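J.:
Numbering (UniProt numbering), first residue to last: 1 to 127.
1. Which residue from 79, 103 and 114 puts its Cα closest to that of residue 45?
2. Is residue 49 near the ligand ZN, in the sense that its beta carbon is under 8 Å from a heavy atom of that ligand?
3. Nearest-angstrom Cα distance between residue 100 and residue 19?
4. To the nearest angstrom, report how far apart residue 53 and residue 35 are at their CA atoms.
5. On the DSSP bridge list, what partners appear for residue 108?
6. When the Cβ atoms of the stretch 81 to 93 are set against those of the stretch 20 to 27, are three or more pairs found closer than 8 Å?
7. Pairing CB atoms from the stretch 57 to 65 with CB atoms from the stretch 6 to 20, are three or more of them under 8 Å?
8. For residue 135, which of helix, strand or coil comes out of DSSP?
9. Would you mind sorting residue 106 into buried or exposed? The rule is 16 or more other CB atoms within 10 Å of its CB.
10. Between the C-alpha atoms of residue 66 and residue 28, what's the straight-line distance to the nearest angstrom?
11. Could you check what DSSP says for residue 25 in three-state terms: helix, strand or coil?
Structure (structure tokens):
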């Protein structure tokens, strides 16, 4: 028969185990929700796909991917010829977006199209 002291110790161990497991789960979920950047291997895969998507892509300005739950949000800035028809540029960007979103790791992809890459940053820089 268990004594009160033994029962109390068992309950303490169960409580500590539960708290430990819960804390690990919370940390896992926090890390996946705070928008950490993707590993370099995944960014390299994205860059390869972007560069080989269409022969008119002259430059890749930016490739970013950050966590969104268990998947990634992807942002890509590409440079196309200045004199390209808007409809053609749009089609290249849209088909690239669809291609990126077909990757199982990608939740959503955003493709920004520009005609030069020597401009000042368009968005506020985080310090």
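All C-beta atoms, glycine included, are put in the ideal place defined by N, C-alpha and C. Only a predicted model underlies this, so the values are computations on that prediction, with no experimental measurement involved.
T.: In short, the structure shows the following:
1. In the chain shown, counting from the first residue as 1, residue 45 sits at position 45. Looking at the Cα atoms, 103 is the closest of the given residues.
2. Among the components of this structure there are no ligands whatsoever, and the ligand ZN is therefore not found.
3. Looking up residue 100 in the chain shown gives position 100. Looking up residue 19 in the chain shown gives position 19. Their Cα atoms are separated by approximately 40 Å.
4. Here the question's residue 53 lines up with position 53 in the chain shown. Here the question's residue 35 lines up with position 35 in the chain shown. Looking at the two C-alpha atoms, the distance is approximately 26 Å.
5. Within the chain shown, residue 108 is the residue found at index 108, counting from 1. Residue 108 is bridged to 73.
6. The stretch 81 to 93, when compared against the stretch 20 to 27, does not touch it at the 8 Å Cβ threshold.
7. Verdict: no, contact absent.
8. Only positions 1 to 127 of the chain appear in this structure, which leaves residue 135 out of reach.
9. Position 106 of the chain shown, counted from the first residue, corresponds to residue 106. Residue burial is scored here from C-beta neighbours: residue 106 has at least 16 other C-beta atoms within 10 angstroms and is therefore classed as buried.
10. Reading the chain shown from its first residue, position 66 is the one you call residue 66. Reading the chain shown from its first residue, position 28 is the one you call residue 28. Between the C-alpha atoms of residue 66 and residue 28 there is a straight-line separation of about 15 Å.
11. Position 25 of the chain shown, counted from the start, is the residue given in the question as residue 25. If DSSP states are grouped into helix, strand and coil, residue 25 belongs with the helices.
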